[in-house]
Structures are given as structure tokens and as C-alpha cells.
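>
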Amino acid sequence: MFAYKPSFLKVQPGRCLMPPTIVFFAQRIRDMQVYEDDTWLISYPRTGSHWAQEMIWCIGQDFNYEKAARTSILERVFFLESSIVMTVGKYDEWFKKLGDSLENIKNMPRPRYIKTHLPWNLLPKQLHEKKPKVIA
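Position one of the sequence shown corresponds to residue 1 (UniProt numbering), numbered consecutively onward.
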């Protein structure tokens with residue numbers, strides 16, 4: 001998934017190493033509209049977030065297993081920074097088909113389910129103001 005990256009940037013605040021594409025998305029993420037009915041899954045990579053997002057979506061959708069079975073998790077729970085981290089390597093064509101992750105989140109029906117591995121200080125400012133559901 002994170003196959004080849006020519007370089008990384010140290011992003012402030014937090015001294016987080018990110019692909020260079022962060023410069024095109026960081027401000028858009030910080031200024032992103034957040035709603036009180038959003039559900040955010042904020043986790044470290046490789047900590048079971050895939051299973052957690054399935055459970056969170058199913059609970060939030062009153063256990064609609066039929067919809068879960070016929071709709072990809074990528075269409076039900078959007079990965080906030082996929083446009084940043086998935087730019088080169090063996091998945092690049094696949095992510096081009098998915099499009100701009102921030103636009104997809106902006107246009108998805110509410111309530112929205114959003115997953116991220118970004119540190120708290122790189123997330124939207126409105127997360128502090130709007131008080132959506134946050135699972136961290």
C-alpha cells in the first residue's frame with residue numbers, strides 16, 4: 001500500500017512525516033466542514049481500524065447487513081487522507097478511480113463516516129467546535 005515514496009516532509013505541528021502531496025491537501029483538511037452527525041474513526045495504522053469501521057457503520061445504520069454486503073466499505077466509510085498517501089505504487093490506478101477523497105467526503109450523504117490515521121493537530125479545526133462523534 002505504501003510501496004514507493006520518493007521523499008517525505010516533516011509536517012508541523014507535530015513533526016509528522018507525510019508524503020509531499022500533503023502540501024496540496026493540508027489546508028483543505030484543516031478548513032473542512034464538519035457536522036455534528038459525523039462519525040470520525042481516528043486511529044493509528046494497523047490497529048484494527050478496518051474492523052472498527054465496519055462495526056461503527058453497521059451500528060450507525062441500525063445493522064443494515066444487506067446494504068453492508070452490497071456496498072464496499074470504501075463507499076460507506078471514506079479514508080480522509082487517501083488522496084495524500086496513495087499516489088504512487090501498485091494501487092495508484094485504483095485510487096485514481098476513487099478520485100479526490102476530500103471532495104468525496106464533502107459530497108457523501110449524511111450522516112458521514114470518516115476514517116483517518118492523521119494526528120489530531122492535522123485534522124479539521126471544526127472537530128473541536130462541532131463535536132461530532134469521535135472514536136479514537
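Backbone N, C-alpha and C define an ideal beta-carbon position, used for all residues, glycine too.
In this text, all values refer to a predicted model and were calculated from it rather than measured experimentally.
Apart from the five residues just before and just after lysine 125, which ones in its own chain have a Cβ nearer than 6 Å to its Cβ?
Residue numbering aside, residue 125 sits at position 125 when the sequence shown is read from its first letter. Only Arg30 meet the Cβ criterion.
> Grab me the residues of leucine 118's own chain with a C-beta within less than 6 Å of its C-beta, minus the 5 sequence neighbours each way, in chain order.
The residue given as residue 118 occupies position 118 in the sequence shown. Around leucine 118: Glu81.
> Output the distance between the C-alpha atoms of leucine 74 and serine 101, rounded to the nearest integer angstrom.
Here residue 74 is taken as the residue at index 74 of the sequence shown, counted from 1. Here residue 101 is taken as the residue at index 101 of the sequence shown, counted from 1. For leucine 74 and serine 101, the distance between alpha carbons rounds to 10 Å.
> Between Tyr44, Gln33 and Thr47, which has its C-alpha nearest lysine 131's C-alpha?
On the sequence shown, position 131 is the one that residue 131 refers to. Out of Tyr44, Gln33 and Thr47, Gln33 has the C-alpha closest to the C-alpha of lysine 131.
> Would you mind giving the Cβ-Cβ distance between phenylalanine 78 and isoleucine 135, rounded to the nearest angstrom? I have them listed as a contact below 8 Å.
Within the sequence shown, residue 78 is the residue found at index 78, counting from 1. Within the sequence shown, residue 135 is the residue found at index 135, counting from 1. That belief does not hold up - the Cβ atoms of phenylalanine 78 and isoleucine 135 are roughly 15 Å apart, past 8 Å.
> Tell me the residue span of the beta strand (DSSP E) that contains valine 34.
In the sequence shown, counting from the first residue as 1, residue 34 sits at position 34. Counting along the chain, valine 34 falls outside any beta strand (DSSP E), and DSSP gives it neither H nor E.
> In the DSSP output, which residue or residues are listed as bridge partners for methionine 18?
Here residue 18 refers to the residue found at position 18 when the sequence shown is read from its first residue. Methionine 18 pairs with Leu9.
> Consult DSSP for tyrosine 65 and reduce its assignment to one of helix, strand or coil.
Position 65 of the sequence shown holds residue 65. Helix.
> According to DSSP, is leucine 122 helix, strand or coil?
Translated into the one-based positions of the sequence shown, residue 122 becomes position 122. It is helical.
> Under the three-state reduction of DSSP, which class applies to lysine 133: helix, strand or coil?
Your numbering for residue 133 matches position 133 in the sequence shown. Three-state result, lysine 133: strand.
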